[in-house]
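Enquirer: Protein chains in written order, with the numbering used here: chain A, -5 to 109; chain B, 948 to 1056.
For each residue, glycine too, the CB sits at the ideal point set by N, CA and C.
No experiment lies behind these values; they were computed from the predicted model shown.
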Amino acid sequence: DAGVIQSPRHEVTEMGQEVTLRCKPISGHDYLFWYRQTMMRGLELLIYFNNNVPIDDSGMPEDRFSAKMPNASFSTLKIQPSEPRDSAVYFCASSLRGGRGDTQYFGPGTRLTVL
Amino acid sequence: QKEVEQDPGPLSVPEGAIVSLNCTYSNSAFQYFMWYRQYSRKGPELLMYTYSSGNKEDGRFTAQVDKSSKYISLFIRDSQPSDSATYLCARVTGNQFYFGTGTSLTVIP
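1. Which class does P78/A belong to by DSSP, given the choice of helix, strand or coil?
2. Should E8/A be labelled buried (16 or more other beta-carbon atoms within 10 Å of its own) or exposed?
3. With DSSP collapsed to three states, give me the class of P1028/B.
4. In whole angstroms, what is the alpha-carbon distance linking V966/B and Y84/A?
5. In whole angstroms, what separates the C-alpha of F43/A from that of P1056/B?
6. If F100/A sits next to G990/B, beta carbons under 8 Å apart, how far is it from one beta carbon to the other, in whole angstroms?
7. Just tell me which of S1029/B, G1047/B and V1054/B has its CA closest to the CA of R30/A.
8. In chain order, what residues of the region 968 to 982 of chain B put their CB closer than 8 Å to some CB of chain A?
9. Does DSSP put M54/A in a helix, a strand or coil?
10. Under 7 Å, do N46/A and A61/A count as touching if we go by C-beta distance?
11. In its own chain, which residues sit with a C-beta less than 6 Å from the C-beta of N969/B, not counting the 5 before and 5 after it?
12. Would you kindly work out how many angstroms separate the C-alpha atoms of V64/A and Y25/A, rounded to a whole number?
13. Just tell me which of H23/A, V(-2)/A, L109/A and S76/A has its CA closest to the CA of V13/A.
14. Name the one or two DSSP bridge partners that V6/A has.
15. With burial defined as no fewer than 16 other Cβ atoms inside 10 Å of the residue's Cβ, what is the status of E1004/B: buried or exposed?
This is the structure in structure tokens:
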């Protein structure tokens, strides 16, 4: 298996622009997670899906952030409009069941820079 | 107060040393703990997880939980240059993952 695939790997944009990050989870995994990582705050869970349904979006920082999972093999995280403080590495992860002890497999991340 | 506190380091040790990485947590709710390793410009990967107090060993790695002190540790024996990475501790309760900010480790040959 190719693992979790994220695109783009790097994104540089200007403040106010829309940014869309993409993720393809491991086939057969029922859970998908979006994280944001910064030096100051570490790794933060933004939202997670179970069988394409958003379960908990309490980590989404503002209404500027939205996430969708139209099918089992694709998810997007959108920021509109983007701001410099959104600069971070965004990770997507997937797991088979999402429960106790279940391993989350992380993608390589998208490094976002908002100027 | 953050859910999980972790000393960011950086920590630098000679090859072969025993490494101790530590985290503290604040919530006593039923939970379990994980240690992730993250190489530079890569996603985190799971190293170990443990539910209860005591030690769990896997090769050169030992995870320790002290619930009375709310303290979790990862020990690396006979450290290798390939262990150079950032180590993240995580507390999991329900489906909520709370990560520490990570400790950067460099093992010098």
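Expert: Looking at the atomic coordinates:
1. In the structure shown, P78/A sits in a helix (DSSP, three-state: H, G or I).
2. exposed
3. Reduced to three states, the DSSP call for P1028/B is helix.
4. 29 Å
5. 43 Å
6. 3 Å
7. G1047/B
8. Correct list: Y979.
9. coil
10. No, Cβ-Cβ distance for N46/A and A61/A is not below 7 Å.
11. Setting aside the 5 residues that flank it on each side, N969/B is surrounded in the same chain by S1020, each with a C-beta closer than 6 Å to its C-beta; the list follows chain order.
12. The identity of residue 64/A in the sequence shown is Pro, whereas the question assumes Val. Taking the CA atoms as reference points, P64/A sits about 13 Å from Y25/A.
13. S76/A
14. T107/A
15. exposed
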